[in-house]
């Protein structure tokens with residue numbers, strides 16, 4: 001029941017690539033990699049192999065405006081989004097199993113109480129949650145902060161205001 | 001948007017650009033969230049300044065939240081006044097803070113007025129019942 005499971009289970013589905021998906025994968029990015037983890041969304045023609053891709057993102061931010069904006073950006077890219085106003089609340093809900101099947105966590109850095117950095121550490125320390133990619137957002141461009149987050153295992157660090165292009169670039173890697 | 005020039009920056013346009021068929025009134029909804037939140041934050045600052053005289057760290061912490069909100073919707077003029085308030089906190093200038101805070105509140109009121117007019121105008125210009133910016137504006 002680990003929330004991490006879905007992120008890993010996507011990988012085997014990379015083998016069920018149809019012609020349509022292969023065409024999509026023939027972008028410069030796909031050609032350069034050969035990254036086994038990358039999965040192309042597939043709506044297979046084969047009768048018993050329908051794969052519906054819906055990634056679940058947990059967005060954590062104390063600002064109600066920022067939550068609305070990041071949720072909108074993610075939903076416009078067809079992600080399922082759960083928003084939470086604090087890191088402690090996020091951990092609580094994850095721990096209680098009230099939020100499940102999380103494919104990515106995107107969190108603000110500066111929040112009252114627990115910061116996004118502390119949330120990142122807790123996630124990476126948890127055997128159940130550590131496989132979930134964590135992205136940090138911040139309105140301040142502080143190189144030390146960015147490095148610390150990346151060293152702690154953050155998937156990426158986005159400067160606010162976050163744009164749809166930031167998110168699609170990010171999510172195409174996570175997939 | 002001409003009349004709101006200087007009050008709102010590019011970030012506001014970005015929010016409008018997120019509007020689509022599923023959320024045709026997204027910008028107005030975000031603005032509404034902003035004002036619900038900012039009214040609360042302004043009140044917090046007001047109360048903090050009364051209850052905790054010269055507690056500049058506390059005043060600053062509250063204003064940081066309000067400033068963040070302004071930044072998020074592109075309310076640049078109000079954002080600037082918030083910054084000036086925080087500068088006064090940094091200099092431990094209580095008088096300066098009082099003055100700055102009045103300016104923050106004034107910009108807040110002006111912004112609300114302008115945005116209300118703006119969305120009203122869009123409603124009149126656009127399809128019935130939606131406040132949607134005309135395409136290609």
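Chains as they are written, first to last, in UniProt numbering: chain A, 1 to 175; chain B, 1 to 137.
From the three backbone atoms N, C-alpha and C, an ideal C-beta is built for every residue, glycine too.
**Message:** Using a Cβ-Cβ cutoff of 9 angstroms, what residues of the stretch 52 to 66 of chain B are near chain A? List them in chain order.
**Reply:** 61, 64, 65
**Item:** Reference residue 88(A); option with closest CA among 76(A), 68(A), 60(A), 75(A)
**Value:** 60(A)
**Item:** is_contact[residue 39(B), chain A] using C-beta, thresh 8 angstroms
**Value:** no
**Asked** Three-state secondary structure (DSSP) at residue 104(A)?
**Response** DSSP places residue 104(A) in strand when its eight states are reduced to three.
**chain A contact residues for residue 96(B), given Cβ-Cβ distances below 8 angstroms** = What residue 96(B) touches in chain A: nothing, since even the nearest Cβ is about 24 angstroms away.
**Prompt:** residue 86(B): buried (16+ other C-beta within 10 angstroms of its C-beta) or exposed?
**Reply:** Buried, because 16 or more other Cβ atoms sit within 10 Å of the Cβ of residue 86(B).
**Prompt:** How long is the line joining the alpha carbons of residue 89(B) and residue 97(B), rounded to whole angstroms?
**Reply:** 7 angstroms
**Cα-Cα separation between residue 91(B) and residue 111(A), rounded to whole angstroms** = Each residue's alpha carbon lies about 24 angstroms from the other.
**Request:** Rounded to whole angstroms, what's the CA-CA distance from residue 166(A) to residue 158(A)? Just pull it up for me.
**Result:** Roughly 7 angstroms separates the two Cα atoms.
**Request:** Please check the pair residue 85(A) and residue 62(A), which I expect to be a contact at CB under 8 angstroms, by giving their CB distance rounded to whole angstroms.
**Result:** 6 angstroms
**Item:** Segment limits, beta strand (DSSP E) that includes residue 137(A)
**Value:** 134 to 138
**Message:** Alpha carbons only, please: which of 116(A), 101(A), 123(A), 64(A) is nearest the one belonging to residue 31(B)?
**Reply:** The shortest Cα separation from residue 31(B) among 116(A), 101(A), 123(A), 64(A) belongs to 64(A).
**Prompt:** Per DSSP, residue 85(B) is paired with what?
**Reply:** Its beta-bridge partners do not exist; DSSP assigns none.
**Asked** Nearest chain A C-beta to residue 16(B) closer than 8 angstroms, yes or no?
**Response** no
**Item:** Spatial distance of residue 66(B) from residue 42(B) (CA atoms)
**Value:** 7 angstroms
**Message:** Under 8 angstroms, Cβ to Cβ, is there at least one residue of chain B near residue 80(A)?
**Reply:** Closer than 8 angstroms: no.
**Request:** Give a yes or no on whether the minimum CB-CB distance between residue 120(B) and chain A is below 8 angstroms.
**Result:** no
**Message:** Buried or exposed for residue 74(B), going by 16 or more other Cβ atoms inside 10 Å?
**Reply:** buried
**Item:** Proximal residues to residue 75(A) (C-beta, below 8 angstroms), its chain only, five neighbours per side dropped
**Value:** 81
**Request:** Could you check how far apart the C-beta atoms of residue 115(A) and residue 134(A) are, in whole angstroms? I think they sit under 8 angstroms.
**Result:** Distance from residue 115(A) to residue 134(A) at the Cβ level is roughly 12 angstroms; contact not present, criterion being Cβ atoms closer than 8 angstroms.
**Asked** Does the stretch 98 to 111 of chain B come close enough to the stretch 42 to 61 of chain B to have 3 or more Cβ pairs within less than 8 angstroms?
**Response** yes
**Residue-level contact to chain A via CB, residue 110(B), 8 angstroms cutoff** = Interface with chain A (8 angstroms Cβ-Cβ cutoff): residue 110(B) is excluded.
**Prompt:** If you draw a straight line from the C-alpha of residue 120(A) to the C-alpha of residue 155(A), how long is it?
**Reply:** 10 angstroms
**Prompt:** Helix, strand or coil for residue 209(A) per DSSP?
**Reply:** Given that chain A is displayed from residue 1 to residue 175, the structure contains no residue 209(A) and the question cannot be resolved.
**Message:** Is residue 20(B) close to chain A? Criterion is C-beta to C-beta, closer than 8 angstroms.
**Reply:** yes
**Distance between residue 150(A) and residue 7(B) (C-alpha atoms, nearest Å)** = 36 angstroms
**Asked** Within 10 angstroms of its Cβ, does residue 55(B) collect 16 or more other Cβ (buried), or is it exposed?
**Response** exposed
**Asked** Where residue 123(A) and residue 70(A) are concerned, what is the direct C-alpha to C-alpha distance, given to the nearest angstrom?
**Response** 21 angstroms
**Request:** Return the Cβ separation of residue 161(A) and residue 14(B) in integer angstroms, given the expectation that the two are a contact with Cβ distance under 8 angstroms.
**Result:** 7 angstroms
**Whole-angstrom C-beta distance between residue 73(A) and residue 164(A), which should lie under 8 angstroms** = About 5 angstroms separates the two Cβ atoms, so the contact holds.
**Asked** With a CB to CB cut of under 6 angstroms and the five nearest residues on each side skipped, what residues in its chain are close to residue 26(B)?
**Response** 18, 19
**Alpha-carbon spacing of residue 129(A) relative to residue 104(B), whole angstroms** = 42 angstroms
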